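In our numbering, the protein residues as written are 95 to 556.
Let me begin by presenting the structure, written as structure tokens, before commenting on it.
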Amino acid sequence: MKLFPSTVVAAALLAAFGAAPLTAGAATPTYSWSTAKIGGTGFVDGMLAHVGSKGLFYARTDVGGAYRYDVTTSTWIALNDWLPPALHYAYGVDTIAVDPNNSSKFYMIGGINFGNGIDNKAVFLSSNDQGRTFSTLTLPFTTGGNEGGRQVGERLQVDPTFGSILLYGTANSTVNASNNGIWKSTDSGQHWSRLANFNALTSDGTGAGVAFIAFKPNATNGNPSQVIYAGVNTQSAANAKNLIYKSTDGGNTWAAVSSPAGTGLYPQHGQIGPDGYLYVTFARTTASNPTSAGPGDLTDGEVWKINVGGGQDQWTNITPQGSSPRPYGFGGLSVDPWRGGWLTVNTSNIYSGNGQSAETVYRSVDGGVTWSDILAHSTFDATLEPWRAAGGAVTGFGNWTNTLLDPYDSNHAFVSSGGGIWETKNLSAASTTWTSGDVGIEETAMLDLMSPTPNVWNAYPL
């Protein structure tokens, strides 16, 4: 079930689909189908940019597949619409990844819900042409693209200096049990094996499992990366402060590193920047639902960074100074891959009436020493989707899931949520303007369709 189910009654006018009226003896009509435009709906769990190709962005949703951004038309292209009925569960995209050295490569892992049934499988989808075509491989575990914890990421990663190596961290589901942990492929996803020495997950259904994986790149391409970090999002890890695990031998062995002060933190997103820091967003869970994986029930968030440039790992608290206590978590994170210390983070789980008026994005250009509250000087243009205008979706809608910086344009950014995507092209301006950035993403949970009967004027009343 989606966290924010959208009930839409759509008028499915036959003429809109190119259907001819049926008459006695008439040939079977030919139907031409296309996506009906609704817009501004559906849970967009995550986004990423390709660091080596200007204007190449991808987004994933919980039940509507993945999308690639067409920069020439500012629209998103659906990548899962080819799926046959037998693979319908792959519309729930758990995680996505790209090869930073090959702009043609795109990967995702699909699977909507945990379980042991035929519809509860995980499937690995790999593309050599930016998602125009895919090959598929069924995996030996289930995954939850529409389960709690789907806002974390990314838990599928490609080794940035050895592109045939992929790592995937599973959820903490009770169903996966012996298959929980981190899986590795050395042949671009054709075969996978579980890393036997990563035993950080408890398989008790708490938290999101492996929230993210982050490779520390080698100095030169051609050799597998040896230093890898993994964020562990479980109740046990939060209580014991074993939040971040590190491997120094390419994933063969793992050990918990020192963690930020305080208990109860659940890592959400983690990325290594060009300044040699691993940046991590955290959230705690509410007292009413202490084992929640999110995206609901997140609170008291923090943002930290740890020096991974060499020597002893040292943490620094860089939490934006908003309200205190914070009735929200920090979820999304985007670290500029070229400009050291440039990053954005977003709040998560803010709704009307919980002490804040709306979610916000914080931006820093000095590694988190100082922050700018973007919402404080933002306007939202909802012309394309009027129901998202101020006073409605903007101020009363929570769960912004991720933020994304354009590696090639420091003024261009996206933020995703349970209701689509906002986009800005003047992020650093004194007044930032956001517009509907989800044209082409159609993820409304369709509960009913209606084909009205024409009236005496041959019109179709709605």
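Heads up, the beta-carbon is just placed ideally off N, CA and C, and yes, glycines get one too.
Quick caveat: nothing in here was measured; it's all calculated off a predicted structure.
Among A350, T237 and E241, nearest to W277 - alpha-carbon criterion: T237
Indicate the three-state DSSP secondary structure (helix, strand or coil) for R288 in the structure shown. strand
E536 versus E479: straight-line alpha-carbon distance, rounded: 12 Å
Mind checking who K310 pairs with in its DSSP beta bridge? V321
Expressed to the nearest angstrom, what Euclidean distance is found between the alpha-carbon atoms of Y262 and G316? 21 Å
For the beta strand (DSSP E) containing A355, name the first residue and the last one. Careful: A355 lies outside any beta strand (DSSP E) and carries neither H nor E.
Whose C-alpha, out of A153, L177, F228 and Y185, is nearest the C-alpha of G534? A153
Limits of the alpha helix (DSSP H) - the one that Q251 falls within: Careful: Q251 lies outside any alpha helix (DSSP H), inside the beta strand (DSSP E) at L250 to V252.
Our contact map puts P354 next to W409 with C-beta atoms below 8 Å; I'd like the distance itself, whole angstroms only. 5 Å
With the cut-off set at 8 Å, would you say T441 and W398 are in Cβ contact? no
Are there any heavy atoms of the ligand ZN lying less than 7 Å away from the beta-carbon of I276, as far as the coordinates show? Looking at this structure, you won't find the ligand ZN or any other ligand, since it has none at all.
Just to confirm before moving on: does the CB-CB distance between S267 and F208 stay below 8 Å? yes
Residues in the same chain with beta-carbon distance under 7 Å from D253, minus the five sequence neighbours each way, listed in chain order, please. I259, F309, P318 and S319
Ends of the beta strand (DSSP E) at A60? This structure gives no information on residue 60, because the portion of the chain shown stretches from 95 to 556.
Thinking N327 and A350 are a contact (beta carbons under 8 Å), I'd like their distance in whole angstroms, please. About 14 Å separates the two Cβ atoms, so there is no contact after all.
Helix, strand or coil at P480 [DSSP, three-state]: helix
With distance defined between alpha-carbon atoms, name the residue in F376, V246, N274 and L392 nearest to N443. L392
Under the three-state reduction of DSSP, which class applies to P179: helix, strand or coil? helix
Assuming contact is defined by CB atoms lying nearer than 8 Å, are A524 and H471 in contact in what I supplied? yes
Expected contact under 8 Å - CB spacing of K215 and Y502 to nearest Å: About 37 Å; that fails the 8 Å criterion.
Alpha carbon to alpha carbon, how far is R378 from W481? 31 Å
Own chain residues within Cβ distance below 7 Å of K335, not counting five before or after: S353 and T357
Could you spell out the range, first to last residue, of the alpha helix (DSSP H) harbouring Q329? Q329 to A334
Mind checking which residues open and close the beta strand (DSSP E) that includes K517? First, the residue type needs correcting, since residue 517 is Glu and not Lys in the sequence shown. Its beta strand (DSSP E) spans residues G514 to T518.
Excluding five sequence neighbours on each side, which residues of the same chain lie with their C-beta closer than 7 Å to the C-beta of N505? K519, N520, L521 and S522
Rank G301, L359 and I203 by C-alpha distance to the C-alpha of T189 and give the top, closest one. I203
Proximity winner among T155, N312, A332 and R249, relative to T296 (alpha-carbon distances): A332
Shortest alpha-carbon distance to P414 belongs to which of G364, P384, I468 and G404? I468
Short Cβ contact (8 Å threshold) for G395 with Q245: no
Around the Cβ of A302, are there at least 16 other Cβ atoms within 10 angstroms (buried) or fewer (exposed)? buried
List the endpoints of the continuous beta strand (DSSP E) containing D391. Run containing D391: none; DSSP gives neither H nor E here.
Please report the distance separating the alpha-carbon of S197 from that of A381. 44 Å
Among I212, V157, D164 and G158, nearest to A180 - alpha-carbon criterion: I212
By alpha-carbon positions, which one of L231, N270, Y323 and G146 ends up nearest to K199? G146
Quick one: what does DSSP say H363 is sitting in, helix, strand or coil? strand
Would a C-beta distance cut-off of 8 Å place N270 and F292 closer than the cut-off? no
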